[in-house]
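Quick notes on the structure that follows.
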Amino acid sequence: MVIVIYLTSFFLYGKWDVGIIGGGDSWGYNAYLPALFIHHDLDNLKKTYGKRSDYHRGFESGTVNPLGTDVALHIGNDKQVIKYTMGVAILQAPFFFLGHLTAKIFNYPADGYSTPYIISALLASIFYAFLGLWFLMKVWRKLFSENAVILLLLGITLATNLYYFTIYNGGMAHAYLFGLYGLLMYGTVKFYDKPGWKAALLIGVSAGMITLIRPVEIFCLFIPLLYGIKGIGQRFRFIADNWKLYLIAAGGYAVIGTFQMIYWKSITGEWIFYSYGNEGFNFRDPNILSGLTSFQNGWLVYTPIMILAILGGLFLLKRREWFWPILFFMPIHIYITYSWWCWYYINGFGSRPMVETYALMSIPLGFLLNWMVKKTWSKFLAIGLVSLFAILNLFQTYQLSLGIMWSETASKAYYISTFGKTTLDYQDLIHYESNELQPNPEKYTMIAEIYANTFEDSLDEHYQKEITHEGNFAFKLTKEKTYSPGLSATLKELNAQSGQYFRISAWCYKETREPSWWRMSTMVGYFERGGNIHKYNHTWIGNKLKNRWMSLWGGQAGVWDEVVFFVKVPPKAKETDIFKAFIQNSNGNPVYVDNLKVELWDKR
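Residue numbers (this note's numbering): 871 to 1474.
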């Protein structure tokens, strides 16, 4: 049933442009294949990148790479190093050749990026995820009842973002890693039940592929090294008795690693090369709490069924064969994951580096479900919880397909505002950007107009009359003039108190649409204390202008529209705090402002 749901979802969503031809990580993982076998430019990627761009010319800001993408690192002498290691490409290779054959037979362009290649590559993620699941279920059946296994299968596949990263954004590495962890766990159990060269080789190859896909996953070695351990002496004796098998595992692991080293050596002249440039880890100040609980892709916020898995960890105290692997692996994995500079990991739904941990976390989750299904009341509770989390996950994936759920830059206010919705309204757009719930205007009223600027009485060159909303002039923001006139006054001067709201409004006009969120001009309201920003809120202007569909990316150019949002005076605000409100041009493209107002509102 689950495979049918996955395949049906894959073709219904049909997100062939998410990843690979869309650029980003997915293209970087896959680029080895067309570059090596079709375009023969693995050292510079010019033809490969050019052909990908023919299908989807996306927007990549801030790159200094002459190729035009940050997916590769330019090292001089017209050479490019693919940022991502080649593990995913190796697993995709059989599907790549299948896509190539299909393209030849049905007269599609045999260029690595036509439809047969993309569908084949994305189907690979489903194949490897379910290959891992197949072997993982063999592990589950040794530990849990059949009812618990069924619930566990539904929970892992439908109630986690494994679903999203398999059927919607399958070009990413995480479904592959999940499948490999399933193989590694199966091989580990098999090896310690009955030591043999096949199980040893499976451990070495699967662990090697995991590390090849994401080198920071090297700590997956804790799984075979610590599984079932009863004492250090006992484990060393076991290793001594089976040293040849451990050598086979180590050999398989090492051989896999040499593939990447050969590539690095051939391009850079170095056996080991750091291809991420200036991107890196901040191990001194990890964002662990935010990574786990933030509404900006926080793991437990968008995959709450894992809270049950954490609770199930208590059962590991009695069934200790998995206790030490999980105890060592999970804290280290979490620490490394959320030490990365971009701890919220864009290009996905929820915390994507945690997807591969679901194979291991299925063990404590399975113990909890196995305990719950033994009694009638708790059995129905288990069914209810798994069903609830599955419905939530499937619905939020659907929201993402509609452009509503955008967890990588979401906020608590936006999550609450859009929960259960299939369409957006104006307030939702404000909640997304300002991270502050807007008050109900029917329950509040204006008590004072504290600032108004019609831009009619200045000789400043930026007061122009070619494009106006009302009166003779409007203020023009440009690349040189990035801030409008605005309000700057203490709360005492404004007679404002905690719990009240400032309502900022202005009529705005832009000549062109901005290419991305991050370059949209903004309406800003913030509080300053002692020269430092105490509380900051903003809303984008571009997607508020005649946005018929109320899309996060909507808005029109060449039209006037009013932009309005509320900023709440924070708790424990001081009379000496300064409130500032203005319009900021973030991209240099002309923006016109008229009738900028700030009002003070309070409860009726």
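In this text, a Cβ means the ideal position worked out from N, Cα and C, and glycines have one as well.
(message) Nearest by alpha-carbon distance to residue 1006: which of 994, 991, 992, 1022 is it?
(response) Checking every option, the nearest Cα to that of residue 1006 belongs to 1022.
(request) Please confirm if the region 1083-1091 is in contact with the region 1132-1140, defined as three or more CB-CB distances below 8 Å between the two stretches. (result) no
(request) Could you check the C-alpha separation between residue 1374 and residue 993 for me, to the nearest Å? (result) Straight-line Cα distance between these residues: approximately 49 Å.
(message) Let me confirm a value: residue 880 is counted as buried when at least 16 other C-beta atoms fall within 10 Å, else exposed. Which label applies?
(response) So residue 880 ends up on the buried side.
(message) Less than 9 Å between the beta carbons of residue 1307 and residue 1470, yes or no?
(response) no
(request) Give me the Cβ distance between residue 1277 and residue 1167, rounded to the nearest whole Å; I'm assuming they're in contact under 8 Å. (result) 5 Å
(request) Rounded to whole angstroms, what's the CA-CA distance from residue 1460 to residue 1393? Just pull it up for me. (result) 15 Å
(request) May I have the straight-line CA-CA distance separating residue 872 from residue 1077, to the nearest angstrom? (result) 26 Å
(request) May I have the straight-line CA-CA distance separating residue 982 from residue 940, to the nearest angstrom? (result) 20 Å
(request) Within the same chain, show all residues whose beta-carbon is closer than 8 Å to that of residue 935, passing over the 5 residues directly before and after it, in chain order. (result) 942, 943, 944, 950
(message) Considering only the alpha carbon of each residue, which of 898, 1323, 1079 lies closest to residue 961?
(response) 1079
(message) Please classify residue 1220 as buried or exposed, where buried requires at least 16 neighbouring CB atoms within 10 angstroms.
(response) buried
(message) What ranges does the beta strand (DSSP E) occupy inside the region 1178-1217, keeping only unbroken runs of at least 3 residues that lie completely in it?
(response) Fully enclosed beta strand (DSSP E) runs of 3 or longer: not present.
(message) Measuring only the C-alpha atoms, how far is residue 1284 from residue 1150?
(response) Taking the straight line joining both Cα atoms gives about 30 Å.
(message) Closest to residue 1002 by C-alpha separation, out of 1340, 1444, 1228, 957, would be which residue?
(response) 1228
(message) I'd like to check one pair, residue 1197 with residue 1181: are the Cβ atoms closer than 9 Å?
(response) no
(request) Pick helix, strand or coil for residue 1303, following the three-state DSSP scheme. (result) helix
(message) Is the beta carbon of residue 1354 closer than 9 Å to that of residue 1450?
(response) No, they are not a contact pair.
(request) For residue 1378, count neighbouring C-beta atoms within 10 Å of its own C-beta (all shown protein chains included) and say buried if the count is 16 or more, exposed if not. (result) buried
(message) Let's test the definition: count the other Cβ atoms within 10 Å of the Cβ of residue 1339 and tell me whether it reaches 16, buried, or not, exposed.
(response) buried
(request) Label residue 931 either buried or exposed according to how many other C-beta atoms from any shown protein chain fall within 10 Å of its C-beta, with 16 as the threshold for buried. (result) Because the pLDDT of residue 931 is 49, which lies under 50, any placement of that residue in the model is unreliable, and the question is left without a value.
(message) Is it buried or exposed, residue 1456, if we count other Cβ atoms within 10 angstroms and call 16 or more buried?
(response) buried
(request) For residue 1316, name the three-state secondary structure that DSSP assigns. (result) Of the three classes helix, strand and coil, the one that applies to residue 1316 here is strand, per DSSP.
(message) Taking the straight line between their C-alpha atoms, what separation do you get for residue 1239 and residue 1273?
(response) 34 Å
(request) State the DSSP-derived secondary structure class of residue 1350, mapped to helix, strand or coil. (result) coil
(request) In the DSSP assignment, find the beta strand (DSSP E) that holds residue 896 and state where it starts and stops. (result) It is not in any beta strand (DSSP E) - residue 896 instead sits in the alpha helix (DSSP H) that spans 895-900.
(message) Could you compute how far the alpha carbon of residue 1332 sits from the alpha carbon of residue 1370?
(response) 33 Å
(request) Decide if the region 964-980 is in contact with the region 1036-1048; the criterion is three or more beta carbon pairs, one per stretch, under 8 Å apart. (result) no
(request) Provide the residue(s) that pair with residue 1410 in DSSP beta bridges, ordered along the chain. (result) 1392
(request) Classify residue 1321 as helix, strand or coil using the three-state DSSP reduction. (result) strand
(message) Check whether the region 1316-1327 and the region 1424-1443 touch, using three or more Cβ-Cβ pairs below 8 Å as the test.
(response) These segments do not touch.
(request) Indicate whether the contact test is met: 3 or more Cβ pairs, each with one atom in the region 1057-1074 and one in the region 1024-1031, closer than 8 Å. (result) no
(request) Report the residue from 1177, 987, 1207 whose alpha carbon sits nearest the alpha carbon of residue 1025. (result) 1177
(message) Whole angstroms are fine: how far does the CA of residue 1441 sit from the CA of residue 1397?
(response) In a straight line, the C-alpha of residue 1397 is about 12 Å away from that of residue 1441.
(request) Could you give the DSSP three-state label for residue 1403: helix, strand or coil? (result) strand
(request) Quick one: using the 10 Å Cβ neighbour count with 16 as the cut-off for buried, is residue 1140 buried or exposed? (result) exposed
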